[in-house]
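Quick notes on the structure that follows.
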Amino acid sequence: MNYLSPDYILLQQALFGTDNQCKAVLKLIGDLAHQSPPHSSIITRQLLSRIGSMKTNLLLNHQNETIRILFLRALWLSGREDEPLQIFFYQQLGPNNLIESLISGYADVSWRACGVLANMAAYIPEIRSILTTPHVVVRFKALLQQGVTTQDKLCILTIVNLLANISSTEYTTMKKEKDIQNYMNDTLMDHPDTEIQEAANRFFCNLIGKGIVTPDWKRAGYNVTAVAPDLE
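Residue 3 is where the sequence shown starts when you use this note's numbering, and the numbers rise one by one after that.
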């Protein structure tokens, strides 16, 4: 694919062609996000604009699990620091459809949905309150426990960053989630990986500081309350 001048008609046909054609397009977009994030963002937005919200959600709920994973990966990797694109994703996909992916029985689908939600929650306050409902928080904890058990750093970072982003405004609600707080305090605050430790610290910083970076936390190196996590 010539990412400087892509053939959107061909890409659109491939997305809804055979499963293998669809997988190839989604993998291409996800891979491009590593090499050239701005181009990946442009292509993703143009392509989703062309197919519309209904067909976008067909990909999100595809019966082929690999297609769902590759689609969520492409969304996750595209435009992590692009606020307008995250707002577009929020409007195009709708938070409830992403939550359905989150509570999917497939862990690989679920934590990639967490990645998409973490990016959105870095910029969109409205989505944070939606992600504090009990069944969603229970799923976060289950995924976090699984990530810790399997020592999957990317999974752990994704979920903890998402929780920290939510807590940047929803600190009152998240303060009531003692199970998650206790689990993170017991397993992550002294974690040997400094990135994981810092993400957990940011979660507690938001709870304690009520979404405000206090002078003490600034001295410790925490300058923002919500961020898009680094990937791979």
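For each residue, glycine too, the CB sits at the ideal point set by N, CA and C.
- Take K212, set aside five residues on each side of it, and the residues of its chain with a beta-carbon closer than 6 Å to its own are Y173, in chain order.
- Minimum Cα-Cα distance from L17 among the listed residues L164, A120 and N66 corresponds to N66.
- Unbroken alpha helix (DSSP H) runs of no fewer than 4 residues, entirely contained in the segment 178-215, are found at 180-189 and 196-211, following chain order.
- A straight line joining the alpha-carbon of V150 with that of G107 spans about 18 Å.
- If you check the CB distance, Q199 and L190 come in under 9 Å.
- Here G54 carries a helix assignment [DSSP, helix/strand/coil].
- If you draw a straight line from the Cα of S170 to the Cα of G96, it is about 21 Å long.
- A direct Cα-Cα distance of roughly 23 Å separates E128 from R75.
- Counting only the Cα atoms, K143 lies some 6 Å from I182.
- DSSP, reduced to helix, strand and coil, places Q65 outside both helices and strands of the structure shown, so it counts as coil.
- In terms of Cα proximity to Q14, the closest of S38, G81, D192 and L49 is L49.
- With 16 or more other CB atoms across the displayed protein chains lying within 10 angstroms of its CB, E179 is buried.
- Around the beta carbon of T135, a 10 Å sphere encloses fewer than 16 other beta carbons of the protein chains shown; the residue is thus reported as exposed.
- The closest CA to that of S112, considering only H41, L164 and I89, is found on L164.
- Beta-carbon to beta-carbon, T160 and A120 are separated by about 6 Å, close enough to satisfy the 8 Å threshold.
- Rounded to whole angstroms, the gap between the alpha carbons of H36 and I71 is 17 Å.
- In the DSSP assignment, D110 falls within the unbroken alpha helix (DSSP H) covering A109 to A123.
- Residues of the same chain with a CB within less than 7 Å of the CB of D195, apart from the 5 flanking positions on each side, are K155 in chain order.
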